[in-house]
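Engineer: One structure, as structure tokens, below. Some questions next.
Right, here's the structure in full:
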């Protein structure tokens with residue numbers, strides 16, 4: 001590894017094979033790191049602020065940076081380069097996150113980090129002159145993440161010890177407007193301006209004008225290297241499958257037949273059959289009348305609800321991997337084998353497949369970090385899956401799968417999308433066809449948004465992200481409702497929003 005030690009502005013020392021690099025001393029960190037990458041594309045290139053070099057855990061790097069398509073950083077003082085206002089324009093899992101686990105994010109820190117030189121070289125054509133080092137790191141990660149660069153906040157980069165007093169320059173308001181102009185569509189610059197004005201009473205007109213007139217969105221097409229795990233493969237291939245089902249006897253039968261034809265057979269298939277009719281009994285006679293090449297663990301319950309069913313199924317798993325399946329999937333015989341092959345390159349990450357319906361066109365063709373989670377097409381480390389539950393407050397509501405994905409990330413497990421396919425039939429029968437009445441459905445004031453939507457936001461998003469969502473909802477919903485008077489609309493929207501907030505508070509006490 002070649003380690004550039006800096007004082008936040010310029011390189012003060014170089015640790016590693018420094019022959020020919022002496023001229024980089026006292027040079028700006030951003031330009032120096034690209035110079036090193038050009039000369040040493042196969043080297044791990046690290047950076048840290050002066051005072052942290054003795055805490056960089058070089059022995060851990062082969063384990064942490066286990067393939068070349070990764071970028072790691074960490075802030076011991078919990079600093080983010082960009083102001084929290086970035087949450088006004090990005091509603092993703094990558095803005096608000098814990099610092100005590102490996103967590104996927106494009107928000108890179110100038111305090112300490114590592115990346116392969118070959119990765120940096122893919123971004124050398126971007127005009128980074130006169131940019132602060134923190135801006136450069138965030139820009140690289142923001143562009144790269146959508147194209148397969150795996151970016152993490154990684155606390156294990158540094159050994160534990162006394163933390164020196166560190167002062168890291170952060171991006172100011174002007175830098176934030178510029179960053180949004182460089183990395184988002186232009187409408188988000190305007191929305192950033194509106195959010196600051198509406199929620200903070202600060203109308204940054206000059207920052208808006210500069211951003212719209214001087215900066216354009218940066219687009220760069222990159223191709224990441226073929227992922228090759230540098231760790232010993234040794235990945236166990238035993239897998240359990242969980243399937244909640246209701247009213248889809250024939251479709252589930254097809255799923256089981258697909259599983260029986262897999263080149264890698266599941267160890268166990270856990271089926272939770274639901275029928276809320278108290279006089280009903282199991283309809284799945286073929287579970288016991290047919291021979292299956294795997295164990296079937298069948299549970300019948302009158303309690304409906306996918307969250308409860310999946311939690312019950314997860315509690316019955318024992319394998320190192322758990323496949324979260326639906327009762328209307330179709331799979332090629334190589335699906336489970338392919339999943340294990342991909343997981344072997346990703347350490348302890350979860351994997352979500354492409355999940356297109358008949359006639360749909362696949363839009364995502366790159367393996368990359370994924371902002372959501374699919375409860376019918378994902379593969380999760382069993383040890384972690386058994387520690388996490390689907391939130392029953394979201395039963396029959398919104399976002400129980402997204403919430404589960406957020407719980408995975410906060411446990412140190414990333415969610416990676418891969419374009420290999422599991423087909424979703426979207427069966428026209430079965431499932432939850434009957435509308436479930438919620439407590440707020442009969443109130444005098446109809447909450448907007450749904451309390452389950454807002455519950456998810458309050459649980460997993462920053463204050464700025466929630467406010468940004470509120471403004472977007474306010475603007476979008478105006479066109480979809482009947483109140484034309486803006487003042488009356490605002491008053492009505494405020495009442496409905498507050499009603500939703502009150503229900504979220506009640507949900508949090510149950």
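Numbering (the UniProt record's numbering), first residue to last: 1 to 510.
Note that beta-carbon positions come from the ideal geometry of N, C-alpha and C, so glycine has one too.
1) Flag this pair as yes or no: are the beta carbons of residue 335 and residue 262 separated by less than 8 Å?
2) Using CA coordinates, which residue listed in 185, 450, 508 and 463 is at the minimum distance from residue 493?
3) Just to confirm before moving on: does the CB-CB distance between residue 302 and residue 278 stay below 8 Å?
4) With distances taken Cα to Cα, identify the nearest neighbour of residue 80 among 412, 135 and 329.
5) Three or more C-beta pairs under 8 Å: does that hold for the segment 322-332 against the segment 420-434?
6) Quick check: the Cα distance between residue 48 and residue 170, rounded to an integer number of angstroms?
7) Quick check on DSSP: helix, strand or coil for residue 21?
8) Given 8 Å as the limit, is there contact between the segment 204-220 and the segment 284-299, that is, 3 or more CB pairs closer than that?
9) With a Cβ-Cβ cutoff of 8 Å, do residue 105 and residue 94 count as a contact?
10) Whose CA, out of 499, 83 and 462, lies closest to the CA of residue 172?
11) So, for residue 192: in the same chain, excluding its five sequence neighbours on each side, which residues have a beta-carbon less than 6 Å away from its beta-carbon?
12) Nearest to residue 352 by alpha carbon, out of 413, 18 and 115?
13) If you check the beta carbons only, do residue 117 and residue 200 fall under 8 Å apart?
14) Which ranges would you report for the beta strand (DSSP E) in the segment 366-426 if only whole runs of at least 3 residues count?
15) Residue 315 and residue 300 look like a contact to me (Cβ under 8 Å); what is the Cβ gap, rounded to whole Å?
16) For residue 113, write down the residues that DSSP places opposite it in a beta bridge.
17) Entirely within the segment 73-161 and at least 4 residues each: give me those alpha helix (DSSP H) ranges in chain order.
18) Near residue 133, which residues of its chain fall below 6 Å by C-beta distance, leaving aside the five closest residues on each side in sequence?
19) Which whole runs of the alpha helix (DSSP H) in the UniProt domain "Glycosyltransferase 2-like" (241-370) are 4 residues long or more, in chain order?
20) Tell me the DSSP secondary structure of residue 10 in three-state form.
21) Would you tell me roughly how many angstroms separate the C-alpha atoms of residue 141 and residue 114, rounded to the nearest one?
22) So residue 500 and residue 428 are supposed to be a Cβ contact under 8 Å. How far apart are they, rounded?
23) Exposed or buried, which one is residue 487 when buried takes at least 16 other CB atoms within 10 Å?
24) Is it the case that the Cβ atoms of residue 100 and residue 149 are separated by a distance below 8 Å?
25) Residue 145 to residue 119, Cα distance in whole Å?
26) Report the three-state DSSP secondary structure of residue 57 (helix, strand or coil).
27) How is the alpha helix (DSSP H) around residue 206 delimited, first residue to last?
28) Which of helix, strand or coil does DSSP assign to residue 225?
29) List the whole-angstrom C-beta distance separating residue 51 from residue 166, where the pair is believed to meet the contact cut-off of C-beta under 8 Å.
30) Taking just the CA atoms, how far does residue 63 sit from residue 75?
31) Who are the Cβ neighbours of residue 96 in its own chain at under 8 Å, not counting the five residues just before and after it?
32) Can you give me the start and stop residues for the alpha helix (DSSP H) that residue 472 sits inside?
33) Cα-Cα, which of 389, 507, 471 and 103 is closest to residue 416?
34) Quick check: the Cα distance between residue 270 and residue 310, rounded to an integer number of angstroms?
35) Around the Cβ of residue 345, are there at least 16 other Cβ atoms within 10 angstroms (buried) or fewer (exposed)?
36) Is residue 428 helix, strand or coil by DSSP?
Structural biologist: A quick look at the data gives this:
1) Yes. Within cutoff.
2) Taking the Cα of residue 493 as reference, the smallest distance to any Cα among 185, 450, 508 and 463 is reached at 450.
3) Yes, the Cβ-Cβ distance between residue 302 and residue 278 is below 8 Å.
4) The option with the nearest alpha carbon to residue 80 is 135.
5) Segments in contact, yes.
6) If you take the alpha carbons of residue 48 and residue 170, they lie about 16 Å apart.
7) In this structure, residue 21 counts as coil in the three-state DSSP scheme.
8) Inter-segment contact for the segment 204-220 and the segment 284-299 is absent: fewer than three beta-carbon pairs are separated by less than 8 Å.
9) Yes, Cβ-Cβ distance for residue 105 and residue 94 is below 8 Å.
10) Checked all of 499, 83 and 462; the closest Cα to residue 172 is 83.
11) Around residue 192: 88, 89 and 180.
12) Among 413, 18 and 115, the Cα nearest to that of residue 352 is on 413.
13) Contact flag unset, no.
14) Fully enclosed beta strand (DSSP E) runs of 3 or longer: 377-381 and 415-421.
15) With 8 Å as the limit, residue 315 and residue 300 do not qualify as a contact, their Cβ atoms being about 16 Å apart.
16) Partner(s): 47 and 73.
17) Entirely contained in the segment 73-161, the alpha helix (DSSP H) runs reaching 4 residues are, in chain order, 117-121 and 133-145.
18) Spatial neighbours of residue 133 in its own chain (CB-CB distance under 6 Å, excluding positions within 5 residues in sequence) are listed in chain order as 29, 30 and 110.
19) 249-260, 286-289, 306-315 and 335-343, all fully within the UniProt domain "Glycosyltransferase 2-like" (241-370).
20) Strand, per DSSP.
21) The straight-line gap from Cα to Cα measures roughly 12 Å.
22) At roughly 32 Å, the Cβ-Cβ gap does not stay under 8 Å, so residue 500 and residue 428 are not in contact.
23) Exposed, because fewer than 16 other Cβ atoms sit within 10 Å of the Cβ of residue 487.
24) No, Cβ-Cβ distance for residue 100 and residue 149 is not below 8 Å.
25) Rounded to the nearest angstrom, the two C-alpha atoms are 12 Å apart.
26) Here residue 57 sits in coil by DSSP.
27) Residues 205-214.
28) Here DSSP, grouped into helix, strand and coil, assigns residue 225 to coil.
29) Sure, about 7 Å apart at Cβ, within 8 Å.
30) So the two alpha carbons sit approximately 19 Å from each other.
31) These residues qualify, in order along the chain: 87, 460, 461, 462 and 465.
32) Judged by DSSP secondary structure, residue 472 falls within the alpha helix (DSSP H) whose first and last residues are 463-478.
33) Restricting attention to 389, 507, 471 and 103, the CA atom closest to the CA of residue 416 is found in 103.
34) Approximately 9 Å, taken between the alpha carbons.
35) It counts as buried.
36) Looking at residue 428 - three-state DSSP - the assignment turns out to be coil, as it is neither helix nor strand.
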